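Numbering (the working numbering), first residue to last: 117 to 376.
A virtual CB, placed ideally from N, CA and C, is assigned to each residue, including glycine.
Quick caveat, the model's predicted, so the values are computed rather than measured.
Here's the structure, in structure tokens; my notes come after.
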Amino acid sequence: MNESEPGTSERGAVPALRFGVHYSSPDIQPGSIGAAIADAHAAAARDVAKHGADLGNTVAMVRDAHREVDSLRGATFRDALQAGERVPVCAEGCFYCCHVQVAAAIPEVIALADHIETSGRRDDVLAAIARYLEQLGDRMGTARVVANVACPLLRDGRCSVYDHRPLSCRGHSSFDVAPCERAWRQPGFDIVVDSFGGWRHPSLGAVVGLSAASGALGLEYFTVYLPEALRIALELGADEANRRWRAGERVFEGARVGVA
Ligand code: SF4
Ligand code: SF4
């Protein structure tokens, strides 16, 4: 059975590339979504509690979440393959979905800023974010989704932070690259990409888990637009952004999804 995401069930309602979820994978059925999210939430909460408050520990927490999700992605891929189910065709270097808005959990943004700083790319990425925001203009809501502006971390058709990319990017998938390319070439048309629940659910579950666990500690917990949030983190510096966030300050309000 294929099914669109909640709130996007009617084709034509929102003219954009979006991802419907394919539920036929043997281990990932609709009823397991809540369980996957709850598991990821619990794992993230354990991680937030286990790791301390310094930058290195925030980075370790995010790496743990990414590792767990990658492990689940591999397992559901193998399960589907063995069961003769369709599997995603996604691979590093495929970039059409990098033109859809990317949201992330706050600790992911801080960890990514740290990676970019240590790679010596801070100024380069800040300049790319400035160009991105200029192209995006004042588009909000659906207009923002259909803007078809490349993620500022895309370089020459490749993700420049692939191993460190956010959970939401790890959750994108398609059984066929053609609809992704069509949506990229014809933004504004309503194209639903049939995506693999075995990747989608663990990724979304982990985003919710990281955010909910942050909220439980009294920290900012909402999801943020990656470009705006990364700009905040890079301008402050990853260490300072982390220090303020872990002290309970409102650091990323301007990047909050639905506000920025
Ligand atoms: S979701 Fe589509 S565009 Fe993205 S990696 Fe997969 S096939 Fe490529
Ligand atoms: S972070 Fe990487 S994978 Fe995610 S949208 Fe940007 S370029 Fe694509």
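>> Under DSSP, the alpha helix (DSSP H) around VAL309 begins and ends at which residues?
In response: As a first step, residue 309 must be located in the sequence shown, where it is residue number 193. Segment 307-312 is the beta strand (DSSP E) holding VAL309; no alpha helix (DSSP H) there.
> DSSP three-state call for ALA169: helix, strand or coil?
Replying inline: Within the sequence shown, residue 169 is the residue found at index 53, counting from 1. Coil, per DSSP.
>> Our contact map puts VAL241 next to PRO268 with C-beta atoms below 8 Å; I'd like the distance itself, whole angstroms only.
In response: Locating residue 241 in the sequence shown gives position 125, counting from the first residue. Locating residue 268 in the sequence shown gives position 152, counting from the first residue. So it is a contact: roughly 7 Å between Cβ atoms.
> Who are LEU270's beta bridge partners in DSSP?
Replying inline: Numbered from its first residue, the sequence shown carries residue 270 at position 154. Its beta-bridge partners are CYS275.
> On the premise that SER290 lies in contact with VAL309, defined as a C-beta separation below 8 Å, what is that separation, rounded to the nearest angstrom?
Replying inline: Residue mapping note: residue 309 aligns to position 193 of the sequence shown, counting from 1. Residue mapping note: residue 290 aligns to position 174 of the sequence shown, counting from 1. Going by Cβ atoms, the distance from VAL309 to SER290 rounds to 5 Å, so yes, they are a contact pair.
> Taking one C-beta from the region 247-264 and one from the region 190-202 each time, how about it: are there three or more such pairs within less than 8 Å?
Replying inline: no
> Do you know how far the Cα of SER276 is from the Cα of VAL340?
Replying inline: Here residue 340 refers to the residue found at position 224 when the sequence shown is read from its first residue. Here residue 276 refers to the residue found at position 160 when the sequence shown is read from its first residue. One C-alpha to the other measures close to 20 Å.
>> By the DSSP assignment, the alpha helix (DSSP H) with HIS288 in it spans what residues?
In response: On the sequence shown, position 172 is the one that residue 288 refers to. Looking at the DSSP string, HIS288 is not in any alpha helix (DSSP H), and its letter there is neither H nor E.
> Span of the alpha helix (DSSP H) holding HIS231?
Replying inline: Residue mapping note: residue 231 aligns to position 115 of the sequence shown, counting from 1. Unbroken alpha helix (DSSP H) run through HIS231: 222-234.
> So what does VAL293 bridge to, in DSSP terms?
Replying inline: For the purposes of this step, residue 293 is identified with residue 177 of the sequence shown, where counting begins at 1. DSSP, once it has assigned bridges, lists no residue as partnering VAL293.
> Could you give the distance in angstroms between the alpha-carbon of ASN173 and the alpha-carbon of ASP180?
Replying inline: Your numbering for residue 173 matches position 57 in the sequence shown. Your numbering for residue 180 matches position 64 in the sequence shown. One C-alpha to the other measures close to 10 Å.
>> What does DSSP give as the partner residue(s) for ALA199 in the beta ladder?
In response: In the sequence shown, residue 199 corresponds to position 83, counting from 1. Note: ALA199 sits in no beta bridge, so no partner.
>> Is any non-hydrogen atom of ligand 2 found closer than 6 Å to the C-beta of VAL373, if you look at the structure I gave you?
In response: Working through the sequence shown from its first residue, we reach residue 373 at position 257. No - ligand 2 has no heavy atom lying nearer than 6 Å to the Cβ of VAL373.
>> Just verifying my parser: in three-state terms, what is the DSSP assignment at TYR139?
In response: The residue you call residue 139 lines up with position 23 of the sequence shown. Confidence in TYR139 is poor, its pLDDT being 42 and thus under 50, which makes the residue's placement unreliable; the coordinate value appears in the next sentence. Note: TYR139 maps to coil in three-state DSSP.
> Taking only beta-carbon atoms, is VAL309 less than 7 Å away from chain B?
Replying inline: The structure shown contains no chain B; it holds only a single protein chain.
> Comparing alpha-carbon positions, which option in ALA345, CYS214, GLU356 and LEU352 lies nearest PHE368?
Replying inline: To locate residue 368, count along the sequence shown from 1; it is residue 252. Closest option to PHE368, judged by alpha-carbon separation, among ALA345, CYS214, GLU356 and LEU352: ALA345.
> By Cβ distance below 8 Å, which residues in the same chain neighbour GLU233 in space, the five residues on each side in sequence not counted?
Replying inline: Working through the sequence shown from its first residue, we reach residue 233 at position 117. Counting only Cβ-Cβ distances below 8 Å, and skipping sequence neighbours, we find LEU350, GLY353 and ALA354.
> What residue does the alpha helix (DSSP H) around ASN358 start on, and which one ends it?
Replying inline: Here residue 358 corresponds to residue number 242 of the sequence shown, with the count starting at 1. 354-362 is the span of the alpha helix (DSSP H), which, as asked, contains ASN358.
>> Measuring only the C-alpha atoms, how far is ARG202 from ARG189?
In response: Counting from 1 along the sequence shown, the entry for residue 202 is found at position 86. Counting from 1 along the sequence shown, the entry for residue 189 is found at position 73. Going by the C-alpha atoms only, they are around 14 Å apart.
> Do you know how far the Cα of ASN358 is from the Cα of ASP170?
Replying inline: Within the sequence shown, the letter at position 54 stands for residue 170. Within the sequence shown, the letter at position 242 stands for residue 358. Approximately 7 Å, taken between the alpha carbons.
>> Here's the rule: buried if 16 or more other CB atoms are within 10 angstroms of the residue's CB, otherwise exposed. What is ALA227?
In response: On the sequence shown, position 111 is the one that residue 227 refers to. The residue is buried, with at least 16 neighbouring Cβ atoms inside 10 Å.
> If you draw a straight line from the alpha carbon of ALA220 to that of GLY200, how long is it in whole angstroms?
Replying inline: Here residue 220 refers to the residue found at position 104 of the sequence shown. Here residue 200 refers to the residue found at position 84 of the sequence shown. Roughly 33 Å between the two C-alpha positions.
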